[in-house]
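Residue numbers (my numbering): 3 to 490.
For each residue, glycine too, the CB sits at the ideal point set by N, CA and C.
Written out below as structure tokens is the structure these notes cover.
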Amino acid sequence: MSIHQGKLQIYNSLSGQKEKFEPIHQGRVGMYVCGPTLYSEPHMGNMRTFINFDMIYRYLLLLDYKVKYVRNITDAGHITNSLGEAVDSIGSAARLEQVQSLEIVYKYNVKFQELQRIYNMLAPSIEPTATGHIQEQIELIEQILENGFAYVVNGSVYFDVKKYSEKYEYGILSGRRVDELAEETRTLNAQDEKRFFADFALWKKANPEDMQIWRSPWGDGNPGWHIECTAMSTKYLGSHFDIHGGGMDLKFPHHEDEIAQSCGSLGCNPAKYWMHANMLNVNGQKMSKSFGNYFLPKEIVEGTTELFDKPYSPNVLRFCMMQAHYRSTLDLSQDSLDAAEKGYTRLSDAMMLLDKLNTSAESSFDVKSIVDSFYNAMDDDFNAPMLIANLFEAVRRINLVNDGKETLSATDRDLMKKEMKAFVLDVLGLQVGVANSDSKLAPVMDLVLELRQQARTNKDWTTSDKIRDGLAAAGITVKDSKEGTNWS
RNA sequence: GGUCUCGUGGCCGAGCGGCUAGGCACCGGUCUGCAAAACCGUCUACAGCGGUUCGAAUCCGCUCGAGACCUCCA
């Protein structure tokens with residue numbers, strides 16, 4: 003067991019406070035995160051949640067936990083919402099593009115996998131699909147029926163919230179109360195088959211136009227919205243596991259209903275710690291398709307979104323996101339990205355500088371306490387912004403050592419190197435010192451800069467400035483320093 | 001309408017009873033043929049009004065403002 007285990011505090015949405023993290027099985031962590039519904043390309047807001055849980059996964063790994071990380075892929079359209087209206091997102095997309103449902107799912111899954119690679123996300127241990135677990139979902143529904151917490155109406159099965167709340171507390175996660183639910187709604191909807199307003203579909207009878215239909219004991223139909231997560235988390239992590247995560251907007255009703263399904267079938271809340279990542283905002287509002295304030299993760303890297311006038315590297319996006327706590331909203335703007343770009347470069351430069359720093363017999367500052375501050379920040383509910391602030395303290399020291407104003411012993415330098423790499427590369431998932439030169443341009447640039455250097459040596463400023471300005475016009479920036487000339 | 005969260009310096013954002021993060025911008029300096037870059041330093045804010053306290057950005061109340069969920073949503 004790592005010496006760093008045992009100090010981690012996690013904010014548990016279930017209790018509304020930070021709790022000491024004690025895994026159910028010592029040294030091992032089971033984590034389930036609700037993944038994307040693949041009826042379109044995930045936008046940057048979707049990605050923020052996954053990037054945040056990627057960071058969380060990475061820190062758990064650094065603490066030397068053996069983590070089983072399960073993130074589902076929803077490839078079955080949620081045939082019904084809790085109002086009983088048909089909203090088959092995948093089917094609609096398929097009809098629109100005039101292809102089969104599976105083509106839609108496959109197409110967007112390929113894109114999603116590519117995005118994970120571009121944004122340097124670690125692959126989960128398993129990425130199970132909803133359609134691959136229809137049988138498990140049916141079995142769970144049967145169990146819930148057997149326990150008396152669901153009823154069958156006309157080929158559909160609904161979860162009986164009132165019956166359930168006689169034995170369990172419906173609303174335990176979201177703070178809602180069953181007797182208040184009805185009056186919460188803005189508009190009263192036809193309840194059709196449901197006995198109670200808050201009941202939700204576990205299985206929905208097929209419509210003739212449905213593109214995906216499965217057989218069940220209740221006739222042909224589709225699984226309800228929430229049952230897939232219960233089925234897959236149970237199958238791969240057991241009926242009670244450590245962490246269940248997802249976006250804040252899934253808290254109600256999705257996660258609330260997952261709890262109800264687990265209690266209703268297996269008798270217990272599926273997760274010990276519930277974690278919710280906050281939304282990505284643009285112009286002060288949650289990024290979403292309907293607001294039109296969204297962009298695709300690829301557009302921003304290519305600079306093709308209307309919202310920003312230049313491209314940003316995935317590292318800059320990640321850095322920007324890591325500068326905000328996962329439980330806070332983050333407002334993206336041109337300014338915040340520009341600031342993140344410079345900050346990321348500064349951190350990245352110092353990391354590379356660390357490799358060639360001169361060492362002394364003694365260090366003039368306490369490296370150990372800086373390193374401790376990295377762990378302390380992350381142990382406090384994955385406070386990545388605090389971690390970054392502490393990393394910049396290290397950056398400042400590195401630069402001062404480089405300027406000869408501070409000293410660093412070889413031992414401390416190695417410690418700093420090891421831990422900074424662990425936190426910047428492994429935990430934050432940033433990449434440092436990625437070569438930006440393409441193979442053909444590099445030797446040409448070497449030659450051009452050599453000629454300019456000759457001119458400078460001869461104090462031929464006209465020629466040297468002409469080269470610099472010419473390169474600038476071609477989009478290449480030349481930077482002179484003591485060590486030589488760089489370009490980018 | 002119900003439930004909840006949040007309002008921090010020019011911007012993005014931590015902190016959540018005393019030690020007043022960090023990044024970017026600004027300003028000052030070092031370096032430099034000039035420029036850019038880089039580096040160092042500086043910059044004392046917590047929506048408003050009351051209250052609790054020896055002490056509040058941090059706790060309580062009210063007011064104003066913003067957002068989320070209650071419908072698919074990361």
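(message) Only counting the same chain, and skipping five residues up and downstream in sequence, which positions put a Cβ closer than 8 Å to that of residue 26?
(response) 32, 242, 243, 244 and 274
(message) Restricting to Cα atoms, I'd like to know which of 271, 414, 235 and 464 is closest to residue 130.
(response) Sorting 271, 414, 235 and 464 by C-alpha distance to the C-alpha of residue 130 places 235 at the top.
(request) Could you round the C-beta distance between residue 154 and residue 198 to whole angstroms and report it? I think they count as a contact, below 8 Å. (result) Their Cβ separation, rounded to whole angstroms, is 15 Å, which puts residue 154 and residue 198 out of contact at 8 Å.
(request) State the Cα-Cα distance for the pair residue 403 and residue 322, rounded to the nearest angstrom. (result) 27 Å
(message) Does residue 35 pass the burial test, meaning 16 or more other C-beta atoms within 10 Å, or should it be called exposed?
(response) buried
(request) For residue 161, name the three-state secondary structure that DSSP assigns. (result) strand
(message) Measuring only the C-alpha atoms, how far is residue 12 from residue 401?
(response) 34 Å
(request) Ignore the nearest five residues each way along the sequence and tell me which others in residue 377's own chain have a CB closer than 8 Å to its CB. (result) If you ignore the 5 residues before and after residue 377, its C-beta comes within less than 8 Å of the C-beta of 6 and 9, all in its own chain and listed in chain order.
(message) Just to confirm, is the Cβ distance from residue 239 to residue 70 under 8 Å?
(response) yes
(message) Between the region 91-98 and the region 54-61, can you find at least three pairs of beta-carbon atoms closer than 8 Å?
(response) no
(message) Would residue 425 and residue 393 qualify as a contact pair, given that the criterion is a beta-carbon distance under 8 Å?
(response) yes
(request) With DSSP collapsed to three states, give me the class of residue 30. (result) strand
(message) Output needed for residue 278: all residues of its chain with C-beta closer than 6 Å, excluding positions within five of it in sequence on either side, in chain order.
(response) 15, 250 and 253
(request) Specify whether the region 413-422 and the region 458-474 touch according to this definition: at least 3 beta carbon pairs, one from each stretch, less than 8 Å apart. (result) no
(request) Find the nearest neighbour of residue 300 within the set 19, 44, 22 and 30, judged by alpha-carbon distance. (result) Scanning 19, 44, 22 and 30 for the CA closest to the CA of residue 300 turns up 44.
(request) Evaluate the contact criterion for the region 201-208 versus the region 299-317: three or more CB pairs, one atom per stretch, below 8 Å. (result) no
(request) Taking only the alpha-carbon atoms, compute the straight-line gap between residue 161 and residue 41 and give it to the nearest angstrom. (result) 26 Å
(request) May I ask you to list the residues that DSSP assigns as paired with residue 73? (result) 35
(message) In whole angstroms, give me the CA-to-CA distance for residue 306 and residue 122.
(response) Cα to Cα, residue 306 sits roughly 21 Å from residue 122.
(message) Would residue 73 and residue 37 be called neighbours here (beta carbons separated by less than 8 Å)?
(response) yes
(message) By the DSSP assignment, the beta strand (DSSP E) with residue 225 in it spans what residues?
(response) 223-225
(message) Going by DSSP, what residue range makes up the beta strand (DSSP E) through residue 397?
(response) Taken as a continuous stretch (DSSP letters only), residue 397 belongs to no beta strand (DSSP E), being part of the alpha helix (DSSP H) at 386-404.
(request) Return the bridge partner residues of residue 284 from the DSSP annotation. (result) 287 and 334
(request) Would you mind working out which of 489, 432 and 152 sits nearest residue 445, comparing C-alpha positions? (result) 489
(request) On a CA-only basis, which of 475, 397, 264 and 407 is nearest residue 151? Give me that one, please. (result) The candidate whose alpha carbon is nearest that of residue 151 is 264.
(message) Would residue 222 and residue 215 be called neighbours here (beta carbons separated by less than 8 Å)?
(response) yes
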